[in-house]
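A.B. asks: Numbering (our numbering) for the sequence shown: 7 to 155. Don't be surprised by glycine CBs; every beta carbon is placed ideally from N, CA and C. One structure, pasted below without further comment.
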Amino acid sequence: MSHKKIAVGSDHAGFGLKETIIKYLKDKGYQAQDFGTHSAESTDYPEYAEAVCRAVLSGESDMGVLICGTGLGISIAANRFRGIRAALCHDAFTAKMSRKHNNANIIAMGAGVIGTETAKDMLDVWLAAEFEGGRHERRINKIENMNID
Ligand code: RB5
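The following block contains the structure:
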């Protein structure tokens, strides 16, 4: 049983997968926090990216899951937030490596790209994997210290 708080958000294209993921996480004992959207009505993915990123950055959530049709828009939006490392993953390998090497604090998925079982497998390995630090920490620090404004 984990007490980790996981912020989950999606646009309309990711709504169905978000509902499935929230139930899956709750069944596993995580505190899944639903940041919307709450229906399949068309909406804009940056809003959900922002809500989940703010929750992770403030400490309200430990980690985040973001879903749109491809995972592209919502991960692009999330990576605008300094301190957020949103990894768009497609399989268990990329999900695992995004924790071990990139210390991803958000996993992004495309509901039109992966199936439900793949999404569950990805979550399992992503939540279990640990950041390896060392040389990977040095590289992440270089990203965080980039002067891009
Ligand atoms: C919505 O139609 C779609 O553009 C969105 O879910 C996402 O795939 C954008 O990157």
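Using 8 Å as the cut-off, can you tell me whether the segment 73–87 makes contact with the segment 99–108, which would need three or more C-beta pairs spanning the two stretches below that distance?
C.D. replies: No, the segment 73–87 does not touch the segment 99–108.
A.B. asks: Report yes if the CB atom of residue 72 is closer than 8 Å to the CB atom of residue 27, and no otherwise.
C.D. replies: Here residue 72 refers to the residue found at position 66 when the sequence shown is read from its first residue. Here residue 27 refers to the residue found at position 21 when the sequence shown is read from its first residue. No, the Cβ-Cβ distance between residue 72 and residue 27 is not below 8 Å.
A.B. asks: Return the bridge partner residues of residue 95 from the DSSP annotation.
C.D. replies: By 1-based counting over the sequence shown, the position of residue 95 is 89. Answer by DSSP bridge pairing: none, since residue 95 is not bridged.
A.B. asks: When DSSP labels each residue in this structure, what does residue 20 get in the three-state scheme?
C.D. replies: Reading the sequence shown from its first residue, position 14 is the one you call residue 20. Three-state result, residue 20: helix.
A.B. asks: Have a look at the DSSP bridge pairing and note the partners of residue 70.
C.D. replies: Here residue 70 is taken as the residue at index 64 of the sequence shown, counted from 1. 13 and 112.
A.B. asks: May I ask whether a heavy atom of ligand 1 can be found less than 7 Å away from the beta carbon of residue 74?
C.D. replies: The residue you call residue 74 lines up with position 68 of the sequence shown. It does: the Cβ of residue 74 is within 7 Å (strictly closer) of some heavy atom of ligand 1.
A.B. asks: Under three-state DSSP, which class holds residue 125?
C.D. replies: Taking the first residue of the sequence shown as 1, we reach residue 125 at position 119. Residue 125: helix per DSSP, three-state reduction.
A.B. asks: What number of angstroms, rounded off, separates the C-alpha of residue 126 from the C-alpha of residue 46?
C.D. replies: The residue labelled residue 126 in the question sits at position 120 within the sequence shown. The residue labelled residue 46 in the question sits at position 40 within the sequence shown. Rounded to whole angstroms, residue 126 to residue 46 spans 21 Å at the Cα level.
A.B. asks: Less than 8 Å separating the beta-carbons of residue 1 and residue 42?
C.D. replies: A question about residue 1 goes unanswered here, because the residues of the chain that appear run from 7 up to 155.
A.B. asks: Is any heavy atom of ligand 1 found at a distance shorter than 7 Å from the C-beta of residue 78?
C.D. replies: On the sequence shown, residue 78 is found 72 positions in, with the first residue counted as 1. Yes, the beta carbon of residue 78 sits closer than 7 Å to at least one heavy atom of ligand 1.
A.B. asks: Could you tell me the distance, in whole angstroms, from the CA atom of residue 150 to the CA atom of residue 88?
C.D. replies: The residue given as residue 150 occupies position 144 in the sequence shown. The residue given as residue 88 occupies position 82 in the sequence shown. Looking at the two C-alpha atoms, the distance is approximately 7 Å.
A.B. asks: Quick one: give me the first and last residue of the beta strand (DSSP E) that residue 84 is part of.
C.D. replies: Your numbering for residue 84 matches position 78 in the sequence shown. Counting along the chain, residue 84 falls outside any beta strand (DSSP E), though it belongs to the alpha helix (DSSP H) covering 78–84.
A.B. asks: Within a Cβ cutoff of 6 Å, which residues of the same chain sit near residue 59, ignoring the five residues on either side of it in sequence?
C.D. replies: For the purposes of this step, residue 59 is taken as residue 53 along the sequence shown, with counting starting at 1. Result list for residue 59: 84, 87 and 90, in chain order.
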